[in-house]
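Undergrad:
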């Protein structure tokens, strides 16, 4: 085979490869538009071992009411980031649904509850395919794709002088040979068009699907982590009366938290410490109740009580909020009525 024959064979291989890639990309684009199918590239291991970093998930938009416990669901959180985790529970919120999600590798559900009417349900995943998608749609990948297309254009449309019998047949073909040459050029042009379609599909797909192609998810683990433990927004006191108990209540801001409650006297000395565990359910508040006799036993009469509440991660590491929230009460002796408690 002459050198020109090697070039021709190489051209045919690359054109055929480009055409096959183009068909796949075009079919994927049509399927995505027709069935509302979206790709998701997983960039963390919070869904391990079911889905690993670098896997490519294929999802479809569904009505939130059709979701069931155990489905892998992708939503956008309040910060604008896409989160793809397994559905733990769902609750009706008018026409919408409030979703509780948790990564398979995470010890507790996501801190945020997602209220949605529709969501992306992951249908299946392709191991490690996300790396290829990321590479193809990166600036370097698109540049190399452009070089590939430019090279194919040069091979198809460049002018070639006749070199041998075969080449002369393509340049000056009599009768049927002219038709054969035209047919060969038409096939090459068609394959080149399909290859160009692949390039356009990849370029448009990566631009229009910037959010769905990435999947930054909430990570928790023993290797590394970052989280700011926030103190309760407020603590309120209720109850009081003759020999009556005092109840202190605060909002339950995070299912991952437990709460450290200290009882302090007027000088700031801690007289008692309690840890209030989180029930794990979606309760809106936590509280602790102290009886009059218990408070009188540790503080005496009269006394001013300060209840200080700090948040603490229930698991490891046991991080505690820097700040705290307080409420106060009093123990006093009421003339002619007896001993009483009150809220300040």
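Residue numbers (my numbering): 4 to 347.
All C-beta atoms, glycine included, are put in the ideal place defined by N, C-alpha and C.
Could you round the C-beta distance between residue 245 and residue 343 to whole angstroms and report it? I think they count as a contact, below 8 Å.
TA: Right, the Cβ-Cβ distance comes to about 5 Å (below 8 Å), so this counts as a contact.
Undergrad: Please list, in chain order, all residues of the same chain as residue 217 whose beta carbon is under 7 Å from its beta carbon, the five residues on each side excluded.
TA: Confidence in residue 217 is poor, its pLDDT being 38 and thus under 50, which makes the residue's placement unreliable; the coordinate value appears in the next sentence. So the qualifying residues of the chain are 44, 46, 85.
Undergrad: Residue 224 to residue 108, Cα distance in whole Å?
TA: Low confidence applies here, because residue 224 scores a pLDDT of 48, under 50, leaving its location unreliable and the question unanswered by this model.
Undergrad: To the nearest angstrom, how far is it from the Cα of residue 93 to the Cα of residue 275?
TA: Rounded to the nearest angstrom, the two C-alpha atoms are 39 Å apart.
Undergrad: Distance check for residue 154 and residue 116, CA to CA, integer angstroms please.
TA: Using only the alpha carbons, I get a separation of about 51 Å.
Undergrad: In angstroms with no decimal places, state the Cα-to-Cα distance between residue 123 and residue 13.
TA: Looking at the two C-alpha atoms, the distance is approximately 43 Å.
Undergrad: State the CB to CB distance for the pair residue 58 and residue 8, rounded to an integer number of angstroms; the pair is presumed to be in contact (CB under 8 Å).
TA: Wrong, their Cβ atoms sit about 43 Å apart, outside the cutoff.
Undergrad: Restricting to Cα atoms, I'd like to know which of 125, 131, 269, 288 is closest to residue 262.
TA: When each option's Cα is compared against that of residue 262, the closest is 288.
Undergrad: Should residue 333 be labelled buried (16 or more other beta-carbon atoms within 10 Å of its own) or exposed?
TA: The residue is buried, with at least 16 neighbouring Cβ atoms inside 10 Å.
Undergrad: Cα separation between residue 250 and residue 323?
TA: Cα to Cα, residue 250 sits roughly 23 Å from residue 323.
Undergrad: If you count every other CB in all the chains shown that lies within 10 Å of the CB of residue 71, and 16 or more means buried, which is it?
TA: So residue 71 ends up on the exposed side.
Undergrad: DSSP has residue 312 in a bridge; who is on the other side?
TA: Residue 312 is bridged to 264, 328.
Undergrad: Hey, out of 61, 88, 277, whose CA is closest to residue 48's CA?
TA: Checking every option, the nearest Cα to that of residue 48 belongs to 88.
Undergrad: Is it buried or exposed, residue 53, if we count other Cβ atoms within 10 angstroms and call 16 or more buried?
TA: Per the 10 Å Cβ criterion, exposed.
Undergrad: Looking at residue 126 and residue 62, is the spacing between their C-beta atoms short of 9 Å?
TA: Their beta carbons are under 9 Å apart, which means residue 62 touches residue 126 by this criterion.
Undergrad: Among 242, 291, 112, which one has its Cα closest to the Cα of residue 252?
TA: Considering only alpha carbons, the answer is 291.
Undergrad: Could you check what DSSP says for residue 112 in three-state terms: helix, strand or coil?
TA: Three-state result, residue 112: coil.
Undergrad: May I have the straight-line CA-CA distance separating residue 11 from residue 131, to the nearest angstrom?
TA: Near 34 Å, if we compare the C-alpha coordinates of residue 131 and residue 11.
Undergrad: Going by C-alpha distance, which of 269, 317, 256, 331 is nearest residue 293?
TA: Residue 293 has its Cα closest to that of 331, out of 269, 317, 256, 331.
Undergrad: Does the beta-carbon of residue 67 have 16 or more other beta-carbons within 10 angstroms, so that it is buried, or is it exposed?
TA: Classification for residue 67: buried.
Undergrad: Quick one: residues in its chain with C-beta nearer than 8 Å to the C-beta of residue 301, no 5 flanking neighbours on either side, listed in chain order?
TA: Contacts found: 266, 274, 275.
Undergrad: Would you call the CB atoms of residue 281 and residue 259 closer than 9 Å?
TA: The answer is yes: Cβ separation under 9 Å.
Undergrad: Of the choices 307, 313, 231, 304, whose alpha-carbon is the least far from that of residue 264?
TA: That would be 313, whose Cα lies nearest to the Cα of residue 264.
Undergrad: Cα-Cα, which of 113, 42, 75 is closest to residue 129?
TA: Minimum Cα distance to residue 129 is reached at 42.
Undergrad: Roughly how many angstroms separate the alpha carbons of residue 82 and residue 149, rounded to a whole number?
TA: Approximately 35 Å, taken between the alpha carbons.
Undergrad: According to DSSP, is residue 296 part of a helix, a strand, or is it coil?
TA: Reduced to three states, the DSSP call for residue 296 is helix.
Undergrad: Would you call residue 136 buried or exposed, if buried means 16 or more other Cβ atoms sit within 10 Å of its Cβ?
TA: With 16 or more Cβ atoms within 10 Å of its Cβ, residue 136 is classed as buried.
Undergrad: Just the C-alpha distance for residue 220 and residue 243, rounded to the nearest angstrom, thanks.
TA: In this prediction, residue 220 scores a pLDDT of 46, lower than 50, which makes its location untrustworthy; the coordinate-derived value is nonetheless stated afterwards. Approximately 46 Å, taken between the alpha carbons.
Undergrad: Please tell me whether residue 269 and residue 328 are closer than 9 Å, where the distance is taken between their beta carbons.
TA: The answer is no: Cβ separation not under 9 Å.
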